[in-house]
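Student: My questions all concern the structure below.
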Amino acid sequence: MDPPKEFSRVELSLDNCIIHKDRLLETCSAKDGMSHDLEVDLRIMGCDLIQSAGLLLRLPQVAMAAAQVLLQRFYYSKSLVKYSMQPMAMACIFLAAKIEEDCRRLRDIINVFHLLKQKRTKRYVVCARVLEYCVCVCVFV
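Residue numbers (my numbering): 43 to 183.
Structure (structure tokens):
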């Protein structure tokens, strides 16, 4: 292992990680029978979903990154088999927006995720309130 690097009295090495190496290799999803490739794909999809929702909600990048970190950390302690990704991504966006003090109404988050689900399944039934909130962003997406 590389020797630790010191930056202004902060030691950076893999010895002081937040998540232990064993938990990184053997996740809860793997214990429930999910393949590693599928788990990685679902994690990437969750982060993409958070990024898209954050853009439509006009959140700062810091809040979107915080939501992605919350999602990744959640799925290191809970299984993707037992907990669906979309509600967890919604909760992570809501919490990250609160943490970064750039709050959004829960109703707006639900509407944006509903819009993204419609775009994914190619079923466009958009209510006026969703259009009113993010019409200028949706036109350019």
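We treat Cβ as the ideally placed atom computed from N, Cα and C, and that holds for glycine.
Please read these numbers as outputs of a predicted model, since none were measured by experiment.
Note down, one range per segment and in chain order, each alpha helix (DSSP H) of at least 4 residues found wholly within the stretch 78-128.
Tutor: Listed in chain order, the complete alpha helix (DSSP H) runs (minimum 4 residues) inside the stretch 78-128 are 78-98, 103-119.
Student: Compare the beta carbon distance of Ser77 and Leu122 with 8 Å and say whether it is the shorter of the two.
Tutor: Not a contact, by the Cβ cut-off of 8 Å.
Student: Sorted by chain position, which residues of the same chain lie with C-beta nearer than 6 Å to Ile61's C-beta, five sequence neighbours on each side aside?
Tutor: The answer, listed in chain order, is Tyr118.
Student: For the alpha helix (DSSP H) containing Asp64, list its first residue and its last residue.
Tutor: Run containing Asp64: 63-67, per the alpha helix (DSSP H) assignment.
Student: Could you tell me whether the stretch 88-95 touches the stretch 149-160, using the rule of 3 or more Cβ pairs below 8 Å?
Tutor: The stretch 88-95 vs the stretch 149-160: in contact.
Student: Buried or exposed for Glu68, please, with buried defined as at least 16 other CB atoms from any protein chain shown within 10 angstroms of its CB.
Tutor: So Glu68 ends up on the exposed side.
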